[in-house]
Amino acid sequence: MIKQIEIILVPHKRGYHLITRELESKLPALPERGIAHFFIRHTSAALTLNEDADPAVRIDFEAFMIKLVPDGDRSFIHREEGSDDMSAHLKASLLGAAVTIPITNGRLHLGTWQGIYLCEFRNHAESRKLVVTIMGE
Amino acid sequence: MIKQIEIILVPHKRGYHLITRELESKLPALPERGIAHFFIRHTSAALTLNEDADPAVRIDFEAFMIKLVPDGDRSFIHREEGSDDMSAHLKASLLGAAVTIPITNGRLHLGTWQGIYLCEFRNHAESRKLVVTIMGE
Amino acid sequence: MIKQIEIILVPHKRGYHLITRELESKLPALPERGIAHFFIRHTSAALTLNEDADPAVRIDFEAFMIKLVPDGDRSFIHREEGSDDMSAHLKASLLGAAVTIPITNGRLHLGTWQGIYLCEFRNHAESRKLVVTIMGE
């Protein structure tokens with residue numbers, strides 16, 4: 001059994017956003033067991049799994065990642081699209097465009113504290129397109 | 138054909154641990170070809186693939202990642218769970234919660250030098266729960 | 275429907291190389307919908323998704339990643355295989371050994387600007403072996 005849907009996320013401000021509930025609400029009925037692959041079709045945003053309880057974790061993510069990959073690094077050659085663009089590309093590859101989550105008993109089988117983050121790296125972001133592929137039986 | 142099992146790893150000390158053999162010994166019979174998805178249900182540990190020959194590689198991983206993401210950074214807001222907690226969350230997303238490995242001829246089709254690492258970021262770690270999903274034919 | 279093929283890439287020079295077209299030309303007929311899993315069987319190279327338009331992005335990747343993970347760090351213990359070896363292992367785990375891409379209407383469903391990068395971390399690289407697993411219907 002394979003199901004595939006597209007999900008469009010409204011624009012989010014720069015930073016890290018918990019989107020587990022929003023994604024779950026848009027999924028079709030899940031198989032008993034299998035995998036769900038969430039894929040973001042962009043190179044200046046990412047998806048990752050992390051702690052879903054304390055919102056401070058997401059604030060710390062933004063602060064840390066800015067230090068790790070500074071905007072507007074003067075050594076960047078790719079600068080036409082703004083000081084947040086090349087840094088966005090680098091963070092997109094460090095965190096990744098996709099998460100794959102097991103499905104067990106018809107539900108996403110996340111850990112107790114795991115949630116899905118939308119990582120938005122642009123200062124003025126557009127809406128974001130995801131493709132979700134569900135495979136199972 | 139889909140098989141799914143849970144594997145519980147005993148507590149490991151902080152650092153990088155080669156767990157390929159342990160995981161392989163716990164897998165059910167594999168299909169001729171397909172994929173195996175290994176997923177860790179935690180946000181302060183990770184799974185990655187890397188060199189399985191020289192144990193020094195795993196020591197260098199720990200030393201490098203401590204420098205990249207220092208424990209107890211004074212700028213962290215999320216501090217209640219100890220100086221190793223927020224750094225653990227950041228490393229979990231940089232290295233990732235899952236690895237997906239092709240299955241060929243009924244075996245994990247790793248490269249000659251590739252092994253599966255458990256990346257344990259907590260100073261006093263608990264046991265860790267993995268979900269392994271095998272899809273193939 | 276599961277198909278699996280091995281693809282051997284000729285040696286590439288150190289850096290980031292766009293290989294989407296080459297990979298697509300070697301894929302078998304794809305199913306209507308599903309996923310394609312591209313896996314590199316090495317620990318000193320990686321696969322990632324990023325911007326495929328401006329070649330400067332790939333130059334900036336090399337420059338940034340060298341700064342993030344310097345070659346020949348004097349603290350590395352694993353040094354026998356050259357100053358580019360331990361740094362290659364670290365970058366391989368930060369960027370990852372695999373990308374999984376949705377298949378929709380019989381094609382890889384990448385974003386408008388997304389391409390597949392071969393990340394070659396060795397100064398004098400060998401050919402690289404990929405395993406591609408396609409699952410769908």
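Protein chains in written order, with my numbering: chain U, 1 to 137; chain W, 138 to 274; chain L, 275 to 411. Beta carbons are placed, not taken as given, at the ideal position from N, Cα and C, and that holds for glycine.
In three-state terms, what does DSSP make of residue i?
i, result
"residue 112(U)", "coil"
"residue 360(L)", "helix"
"residue 340(L)", "helix"
"residue 57(U)", "helix"
"residue 166(W)", "coil"
"residue 217(W)", "coil"
"residue 234(W)", "coil"
"residue 180(W)", "coil"
"residue 91(U)", "helix"
"residue 263(W)", "coil"
"residue 296(L)", "helix"
"residue 138(W)", "coil"
"residue 395(L)", "coil"
"residue 406(L)", "strand"
"residue 107(U)", "strand"
"residue 411(L)", "coil"
"residue 148(W)", "coil"
"residue 209(W)", "coil"
From residue i to residue j, what does the alpha carbon distance come to, in whole angstroms?
i, j, result
"residue 393(L)", "residue 316(L)", "11 Å"
"residue 53(U)", "residue 215(W)", "11 Å"
"residue 371(L)", "residue 186(W)", "7 Å"
"residue 265(W)", "residue 111(U)", "10 Å"
"residue 329(L)", "residue 163(W)", "45 Å"
"residue 147(W)", "residue 154(W)", "12 Å"
"residue 333(L)", "residue 134(U)", "36 Å"
"residue 261(W)", "residue 222(W)", "11 Å"
"residue 151(W)", "residue 15(U)", "29 Å"
"residue 213(W)", "residue 95(U)", "19 Å"
"residue 126(U)", "residue 12(U)", "8 Å"
"residue 158(W)", "residue 251(W)", "12 Å"
"residue 67(U)", "residue 204(W)", "13 Å"
"residue 331(L)", "residue 69(U)", "14 Å"
"residue 38(U)", "residue 61(U)", "21 Å"
"residue 354(L)", "residue 80(U)", "42 Å"
With C-beta atoms as the reference, is residue i less than 8 Å away from residue j?
i, j, result
"residue 297(L)", "residue 314(L)", "no"
"residue 274(W)", "residue 377(L)", "no"
"residue 101(U)", "residue 45(U)", "no"
"residue 367(L)", "residue 345(L)", "no"
"residue 201(W)", "residue 382(L)", "no"
"residue 390(L)", "residue 293(L)", "yes"
"residue 106(U)", "residue 31(U)", "yes"
"residue 47(U)", "residue 131(U)", "no"
Please classify residue i as buried or exposed, where buried requires at least 16 other C-beta atoms within 10 Å of its C-beta.
i, result
"residue 348(L)", "exposed"
"residue 396(L)", "buried"
"residue 303(L)", "exposed"
"residue 188(W)", "buried"
"residue 170(W)", "buried"
Which residues of chain B have a Cβ atom closer than 8 Å to the Cβ of residue i, listed in chain order?
i, result
"residue 170(W)", "Of the protein chains in the structure, U, W and L, none is chain B."
Can you tell me whether residue i sits near the ligand PLP, meaning its C-beta is under 7 Å from at least one heavy atom of the ligand?
i, result
"residue 9(U)", "In terms of ligand content, the structure shown is empty, and the ligand PLP therefore cannot be addressed."
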